[in-house]
Amino acid sequence: MMQKILTKYGLAIHVALVCFYPFAGFGHSRWLLFLPFLWLALAVAELMVLLPSVHRDETLADARRRMARDLCWDPLLYIGVALAGMLMVQWLNGGCPLVYLPDADVWQISAPPVAWAPFCVETAAGFSQFCILVACVAAGLAVRNALSRAPKRMLLQGMAVAGGCVALVSVARMWPEGCPADAASQARGTFFGFWMLLSWGLLADALARFQRGGRALYGFGILANLVGLIFYSPPLSVCLYGILGLTLFLYALVCLDAQVPKKTQVLLFLVTVLALAALVVSLGFLMPDNPVAVKMKEAWPVAEYWEKTVATRRIRMDAALGLWKEHLWFGCGTGGFFHGVGLLLTDKEWALLQTDQAYAYHEYIQILCEYGVVGLALFLAAALALIAPLCYRARIAWQAGGETEKEGRFFLLRISPIVVSGVLATGAVFAEGWIANPFRSPAVLLSWSVTLAALAAFLPRRGRETSRHEGHP
């Protein structure tokens, strides 16, 4: 019995701990803060090898052999090793502070110990990114190769509810101080918005399967994460995730048609409308001077707000591209943009960078700046390795025509709502990367990777595969 519980839930719980560790904030040292990522990643790897999920008619030894075979054929393993190796070299070859050249009256980044190898300006920043990447790769590999469908569903549901709890605690602590405007805090809003979107699919799936826990998914996964999104995210992101959330709400109602009693659909509709109305009335009328209303009023002159946002983004992006041109292949290392952006700006341009000097407000240009062509290619390859199985199984589902009882329905209504909401949620974060830096947050990066690694399990491996294969990935 104990072995069955550990093989089903032990690894999933450890993956969730990895994803939520960034909210712990233990310690004050930048080195000690990220060191537990390595220990948690090691624990995930150990459980992946020793206690993978056991499928029906399979022994634990068979499960280990299957997991090892799948792991060896997983391209994410080799791409992750290459990325981790590059970041390790950056860390070990780091420590390149800015130096002043009096003859030329300029500041510049000093030469690294090994001139031709990847480097970083600040050693602690390189070490932190190395730890985060190792944890991300370990979690992604574990979810893809060592968890079956049921633990993956439990993992996503648990993380959605836990995200809502974190949102409520964070908002309660920060409410007296007002909505934070820095990019690091706004990434928290991205995290809560991500899980709010994914929770709609998880809720629809739970209701369709008559699973207990639907109220917790609705109350914490959707409403609590929505509160965190509104409090932390800038107005543009609130609009993006709000529109997608409304779309998924309507999709869930249509998806549940003929699968649940009509009163369940009506109750879901009424409770959602009442909850949104209560939120609008509370923030707009009962508490007119609340932090969220103040934040929205500051962005109300839309033209002025947008002009200022575009101006600072353009300056940051141009500076990032300028730094990249000096270090084409491997970039200027983790944190290099923060230390090097001031070298390329005039005093007038620097006035627009009074906050968030470490952010280029364009995730992919900043990756190019700090990790070069090689690093950007490896990151894109890792993303493609995560997406490829999902696309392959979606093609199978399209050709198969869905499950027998769902013949003739629209494609998005034939597949699991978890897949639909997961694709929208991961796509929203990817789209936000063009105007912000969501992946600078370890929690967002880990959640994004783990979700993509899990989604393929909710699509059929073969044509005409039905729910009787629940134990299989």
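Each residue of the sequence shown is one higher than the one before, starting from 887 at the first, in this note's numbering. Virtual Cβ for every residue (Gly too), placed ideally from N, Cα, C.
Cβ neighbour criterion (16 or more within 10 Å) applied to residue i
{"i": "Lys1181", "result": "buried"}
{"i": "Gly1114", "result": "buried"}
{"i": "Pro1187", "result": "exposed"}
{"i": "Val928", "result": "The residue you asked about is not Val; residue 928 is Leu in the sequence shown. Label assigned to Leu928: exposed."}
{"i": "Cys1141", "result": "buried"}
{"i": "Ala1163", "result": "exposed"}
{"i": "Cys1022", "result": "buried"}
{"i": "Gly1313", "result": "exposed"}
{"i": "Ala1197", "result": "exposed"}
{"i": "Trp1210", "result": "buried"}
{"i": "Arg955", "result": "exposed"}
{"i": "Gly1288", "result": "Residue confidence is low: Gly1288 scores 48 on pLDDT, short of 50, so the model does not pin down where it sits. Its coordinate-derived value is still stated next. Classification for Gly1288: buried."}
{"i": "Ala1237", "result": "exposed"}
{"i": "Trp959", "result": "exposed"}
{"i": "Lys1194", "result": "exposed"}
{"i": "Gln889", "result": "exposed"}
{"i": "Arg1189", "result": "The amino acid occupying residue 1189 in the given sequence is Ala; Arg does not appear at that position. Burial call: exposed."}
{"i": "Lys1183", "result": "exposed"}
{"i": "Tyr1278", "result": "exposed"}
{"i": "Gly1100", "result": "buried"}
{"i": "Gly1047", "result": "In the sequence under discussion, the amino acid at residue 1047 is Val, which differs from the Gly named in the question. When all chains shown are included, Val1047 counts as buried."}
{"i": "Ile1129", "result": "exposed"}
{"i": "Val1315", "result": "buried"}
Close beta carbons around residue i, own chain, < 6 Å, minus the five adjacent residues each side
{"i": "Val1146", "result": "Leu1093"}
{"i": "Pro1177", "result": "Gly1064 and Cys1065"}
{"i": "Trp1215", "result": "Gly1258, Val1259 and Val1260"}
{"i": "Gly1050", "result": "Phe1106, Gly1107, Ala1110 and Asn1111"}
{"i": "Phe912", "result": "Its pLDDT being 42, under 50, Phe912 is placed unreliably in this model, and the value from its coordinates should be taken loosely. Hits under 6 Å: none found."}
{"i": "Ala1283", "result": "Ile1301, Leu1345 and Pro1346"}
{"i": "Tyr1104", "result": "Leu1089"}
{"i": "Glu1008", "result": "Gly1221"}
{"i": "Ala1311", "result": "Phe1080, Leu1083 and Leu1084"}
Delimiting residues of the alpha helix (DSSP H) encompassing residue i
{"i": "Leu1122", "result": "Pro1121 to Cys1141"}
{"i": "Tyr964", "result": "Pro961 to Leu978"}
{"i": "Lys1149", "result": "Lys1148 to Val1167"}
{"i": "Glu1193", "result": "Val1188 to Glu1212"}
{"i": "Pro1303", "result": "Pro1303 to Glu1318"}
{"i": "Arg1098", "result": "Careful: Arg1098 lies outside any alpha helix (DSSP H) and carries neither H nor E."}
{"i": "Glu1063", "result": "Unbroken run through Glu1063: none, as it is neither H nor E."}
{"i": "Val1336", "result": "Pro1328 to Leu1341"}
{"i": "Ile1321", "result": "First-last for Ile1321: undefined, no H or E at that position."}
{"i": "Phe909", "result": "Phe909 -> no alpha helix (DSSP H), and no H or E assigned at all."}
{"i": "Asn1176", "result": "Here Asn1176 belongs to no alpha helix (DSSP H), and DSSP marks it neither H nor E."}
{"i": "Asp943", "result": "Taken as a continuous stretch (DSSP letters only), Asp943 belongs to no alpha helix (DSSP H), as it is neither H nor E."}
{"i": "Gln889", "result": "Met888 to Ile891"}
{"i": "Gly1114", "result": "Asn1111 to Tyr1118"}
{"i": "Leu1298", "result": "Phe1297 to Arg1300"}
{"i": "Gly896", "result": "That residue, Gly896, is in no alpha helix (DSSP H); it is neither H nor E in DSSP."}
{"i": "Phe1224", "result": "Gly1222 to Gly1226"}
Distance between beta carbons of residue j and residue i, contact taken as under 8 Å
{"i": "Tyr1127", "j": "Met1082", "result": "7 Å"}
{"i": "Ile1321", "j": "Tyr1247", "result": "7 Å"}
{"i": "Met1040", "j": "Ala947", "result": "That pair is no contact at about 24 Å."}
{"i": "Phe1135", "j": "Cys1017", "result": "About 38 Å; that fails the 8 Å criterion."}
{"i": "Leu1276", "j": "Leu1332", "result": "Actually they do not touch by this definition, with Cβ atoms about 18 Å apart."}
{"i": "Ser1123", "j": "Leu1033", "result": "The Cβ separation is near 31 Å, so there is no contact."}
{"i": "Ala1268", "j": "Leu969", "result": "7 Å"}
{"i": "Ala1329", "j": "Cys982", "result": "With a Cβ gap of about 29 Å, Ala1329 and Cys982 do not count as contacting."}
{"i": "Ser1307", "j": "Thr1076", "result": "16 Å between Cβ atoms; not a contact."}
{"i": "Ser1056", "j": "Arg1074", "result": "7 Å"}
{"i": "Pro1303", "j": "Gly1087", "result": "4 Å"}
Spatial neighbours of residue i in its chain, beta-carbon cut-off 7 Å, leaving aside the 5 residues before and after
{"i": "Asn979", "result": "Pro998, Pro999, Val1000, Ala1003, Pro1004 and Phe1005"}
{"i": "Phe1078", "result": "Gly1049, Ala1053, Asn1111, Gly1114, Leu1115 and Tyr1118"}
{"i": "Val901", "result": "Val930, Ala1025, Ala1028, Val1029, Leu1041 and Val1336"}
{"i": "Leu1229", "result": "Trp993 and Gln994"}
{"i": "Leu937", "result": "Leu892, Thr893, Gly896 and Leu897"}
{"i": "Phe1297", "result": "Trp1284"}
{"i": "Thr1220", "result": "Gln976, Cys1006, Ala1011, Gly1012, Gln1015 and Glu1256"}
{"i": "Phe1223", "result": "Ala1206, Leu1209, Ala1244, Ala1246, Gln1252, Cys1255 and Glu1256"}
{"i": "Lys1038", "result": "Val1029, Ala1340 and Ala1343"}
{"i": "Leu963", "result": "Leu957 and Leu1027"}
{"i": "Asp1242", "result": "Asp1068 and Ala1069"}
Heavy atom of the ligand GDP within 7 Å of residue i beta-carbon
{"i": "Pro908", "result": "As presented, the structure is devoid of all ligands, the ligand GDP included, so that no description of it is given."}
Residues near residue i in its chain [Cβ-Cβ closer than 8 Å; skip 5 each side]
{"i": "Met1203", "result": "Ala1246, Tyr1247, His1248 and Ile1251"}
{"i": "Gln1151", "result": "Leu1139, Leu1142 and Asp1143"}
{"i": "Gly1319", "result": "His1248, Glu1249, Tyr1250 and Phe1325"}
Legend entry - In chain order, each alpha helix (DSSP H) run of at least 4 residues that lies wholly inside the region 1231 to 1266: Taking only runs of at least 4 residues, the alpha helix (DSSP H) segments lying wholly in the region 1231 to 1266 are 1233 to 1236.
Legend entry - Contiguous beta strand (DSSP E) assignments of at least 3 residues, all confined to the region 1012 to 1075: Listed in chain order, there is nothing to give.
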